[in-house]
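Novice:
Protein chains in written order, with the working numbering: chain A, 7 to 422; chain B, 7 to 422.
#1: List, in chain order, every chain A residue whose beta-carbon is nearer than 7 Å to that of residue 240/B.
#2: So is residue 102/B in contact with chain A if we call contact Cβ pairs under 8 Å?
#3: Verify the CB distance criterion: does residue 407/B have a CB-CB separation below 8 Å to chain A?
#4: State the Cα-Cα distance for the pair residue 84/B and residue 188/B, rounded to the nearest angstrom.
#5: Could you give the residue range of the beta strand (DSSP E) that holds residue 328/A?
#6: Quick check on this structure: which residue in 192/B, 178/B, 288/B, 81/B has the alpha carbon closest to the alpha carbon of residue 104/B?
#7: What residue range does the alpha helix (DSSP H) around residue 25/A cover?
#8: Mind checking who residue 192/A pairs with in its DSSP beta bridge?
#9: Apart from the five residues on each side of it in sequence, which residues of its chain come closer than 7 Å, Cβ to Cβ, to residue 202/A?
#10: Can you list, in chain order, the stretches of the alpha helix (DSSP H) that have 4 or more residues and sit fully within the stretch 181-231 of chain B?
#11: Shorter than 8 Å from the beta carbon of residue 279/B to some beta carbon of chain A?
#12: Return the CA-CA distance between residue 147/A and residue 261/B, expressed in angstroms with no decimal places.
#13: Are residue 359/B and residue 213/B touching if we call contact CB-CB under 8 Å?
#14: From the DSSP output, in three-state form, read off residue 64/A for me.
#15: Just the chain A side, please: which residues come within less than 7 Å of residue 252/B by C-beta, in chain order?
#16: Which residues in chain B sit within 8 Å of residue 360/A, going by Cβ to Cβ distance?
#17: Between the Cα of residue 123/B and the Cα atoms of 246/B, 79/B, 53/B, 403/B, which residue gives the shortest distance?
#18: In angstroms, rounded to a whole number, what distance separates the CA positions of residue 396/A and residue 268/B?
#19: Residues in the same chain with beta-carbon distance under 8 Å from residue 24/B, minus the five sequence neighbours each way, listed in chain order, please.
#20: What does residue 273/B pair with, by DSSP beta-bridge criteria?
#21: Pull up the CB-CB distance for residue 308/A and residue 182/A, whole angstroms please, since I reckon it's below 8 Å.
#22: Helix, strand or coil for residue 420/B, going by three-state DSSP, please let me know.
#23: Round the Cβ separation of residue 333/A and residue 216/A to the nearest angstrom and send it over; I've been treating them as touching at under 8 Å.
#24: For a contact defined as C-beta to C-beta under 9 Å, what are the partners of residue 324/B on chain A?
#25: In chain order, which continuous runs of the beta strand (DSSP E) of length 3 or greater are located wholly inside the stretch 352-407 of chain A?
#26: State whether the stretch 229-238 of chain B contacts the stretch 270-288 of chain B, with contact taken as three or more CB pairs (one from each stretch) at a distance under 8 Å.
#27: Under 8 Å between C-beta atoms, does residue 283/B make it to chain A?
#28: Interface residues of chain B around residue 289/A at Cβ under 7 Å?
#29: In chain order, what residues of the same chain have a beta carbon less than 6 Å from the beta carbon of residue 110/A, not counting five sequence neighbours either side?
#30: Using only CA atoms, which one of 186/A, 171/A, 415/A, 132/A lies nearest to residue 48/A?
#31: By the 7 Å beta-carbon criterion, what residues does the stretch 381-408 of chain B contribute toward chain A?
#32: In terms of alpha-carbon separation, which member of 218/A, 234/A, 205/A lies closest to residue 218/B?
#33: Which of the three DSSP states is assigned to residue 162/B in this structure?
#34: Using 8 Å for Cβ pairs, my map puts residue 320/B next to residue 237/B. What's the rounded Cβ distance?
#35: How would you list, in chain order, the residues of chain A whose beta-carbon sits under 8 Å from the beta-carbon of residue 196/B?
#36: Give a yes or no on contact between the stretch 151-166 of chain A and the stretch 331-346 of chain A, applying the rule of three or more CB pairs nearer than 8 Å.
Below, the structure written as structure tokens:
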């Protein structure tokens, strides 16, 4: 009987802590923005480590690294992956966990002497964070045909350096065309970046999809006037109108457990303490995992805004500036994750991702699912971001066994 | 029988329109900040005009100009005045009207051949606006002993130039000690800078005092989190808490016709559209003409803030950063204004000033009152600030006849 493979928890934690030294910040986090010298160091380490495990590392024209490990049959690889770049004030686990867990899964299979039907791939996607080059998930987006390579290569950072230049400067421009590597499936392990699993006492989130997102800019225009000389009943105060609208928007989302509504930015003009404001501009971020319910939420937003503003006789404009449709992950991939979690004795629940990930774009090209581990206090993009070695290992074990389960179950594959 | 003196409406309007050419902006307003070259030009014109009417112009150490016209008895002068400096985006009438109406009153008395018991003074106070040197009403404050001359002379503008240097550069440093000129009474004509008189169809506001003002900085701290991954019920969102507080503050003031409450500035951190905010800071400007009721309003503010914030479990701090007690003008001066308005057939009402004026400080040193004229739409500190020639003349006539009435009535005076 073949031994049941298990992640080497100590080795995975050592890899995570090694990564945490490359671009480390005084606050204990990471600042390893994409295609910086520090990013080049971790990329070289990734390629060396994968090669030492018997992988062949190919880099595409966007710099994404594909470490391919052979399988028993001539099939496209089942991929594991995420990203090694971070936010400027990032933590040590966001993205990094998904890539290093992929290497840990390979290590476990080698230790157990198990060969899979499919080749396996461990992928490091370039510029997931979008912190240096906007938009986020740029290389996985090109892989999936959402962006053209020319568009992506022309993106510039704050200093005016293009992605193409940054790739050349760090020697990361690969020979493989972006999107050329077909995949049988894609599994991404990631920290939750939210508080649900921790609050509810779960070890693993079986991610069934990603919320749809709609972004709005709202502008409320009243009449600027003197704070001392203008009686309350003669004011057209957009601050008071906006306050009522913000409460109405909050109420919209609290009525539906799947909904999220956030006003994260408010700008008041002229912004003088003794002047009734002329204009208030604020943002609205609406999310829902269901496309129809997101649309209903958008309608409710439009309906909710005029009446409370009317109390101050302000003019309100609402502009929708961005939309990202909900993503539903592949049922077989989700089941593979769920079965793996069950077989490992993990307390798990199905969950919808509230954040974007490379898996959002990969889902357009191949069967895809994600696995979440809880993270301390739900904190992310912050030096305090933390998971325990046990949480990292359990997440990696679920990743490993989801891949193994899918490797056996997958009868949809075509030859590579 | 002595002819009843009347303002020469055409001459007053010509003076106002002449002033409007000195520091004129392309938008049709004035940018004549204190002690700039343009301010020096209007100051020279003021001194020449007053001298040509038989006045003696003295300048104090803060640059305030006192044009003194002789009276029949050896008494301190009854003063009329305001300021000739403007905001950077100021209008043509704020302050200017009160000074030029003083000259127009002198002109009317000379035309009618009337000598008053008291000498009369027309005063141009330095740096009323506070736009170049903070705080506002600086020279009248020194005159009243609120600020020391040394404090005032050391104030600097954005370029680092001190008031003392600006006085020297424009040749406006006077020999007279600030506060040395005692006054029998002070009358200030000013545009309302608010909408009440226009909205209610009055020609004249008989100003009985100035609102008290209390300024607060409020800070609401929640917990920053991801807009997608954090369920509504697990959020501590200071934006939602602040919105409830802003509505509660608004409700406080609408319950009392004399009260004003304004939130004019809001700052959200980090201010990212897809992040539940960490902190919201906002300002509160509370005003009331009655000191006790202002204190009650402040107590109500303190009481109103914690409960709505509690809904989001945020921490709230309230810091009082400034207080200006209400001012009640002299009853005899107010009656003189009211009688003048009645005798001129003006539709008038008593009103409390919502804005600060030089008269606030003068009231500490001598019997004082103010006269308001309506202004178009209540607009001020803006190029669109406007009054008609008829409104200017009526206001100046009320000023003239209030001074004449007080000149006869005043039995409280001591010899100069």
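Heads up, the beta-carbon is just placed ideally off N, CA and C, and yes, glycines get one too.
Specialist: This is what the structure gives:
#1: 201, 205
#2: no
#3: no
#4: 9 Å
#5: 321-330
#6: Nearest C-alpha to residue 104/B: 192/B.
#7: Counting along the chain, the alpha helix (DSSP H) containing residue 25/A begins and ends at 15-25.
#8: Looking at the DSSP output, residue 192/A bridges to 85/A, 374/A.
#9: 357
#10: For the stretch 181-231 of chain B, whole alpha helix (DSSP H) runs of length 4 or above, ordered along the chain, are 202-206.
#11: yes
#12: 56 Å
#13: yes
#14: strand
#15: 245, 246, 249
#16: Taking a Cβ-Cβ cut-off of 8 Å, the neighbours of residue 360/A in chain B comprise 232, 233, 234, 235, 236, given in sequence order.
#17: 79/B
#18: Our two residues, residue 396/A and residue 268/B, have alpha carbons roughly 53 Å apart in a direct line.
#19: Here the set comprises 51.
#20: 287/B
#21: Between residue 308/A and residue 182/A the beta-carbon gap is near 46 Å, outside 8 Å, which marks them as no contact.
#22: Residue placement at residue 420/B is flagged as unreliable, the pLDDT there being 43, under the threshold of 50; a coordinate-derived value is accordingly withheld.
#23: 4 Å
#24: Ordered by position in chain A, no residue passes the 9 Å Cβ test against residue 324/B, which lies about 14 Å from the chain.
#25: 354-359, 374-379
#26: Segments in contact, yes.
#27: yes
#28: 279
#29: 13, 18, 402
#30: 132/A
#31: 384, 386
#32: 234/A
#33: strand
#34: Actually they do not touch by this definition, with Cβ atoms about 17 Å apart.
#35: Within 8 Å Cβ-Cβ: nothing; residue 196/B doesn't reach chain A, min ~11 Å.
#36: no
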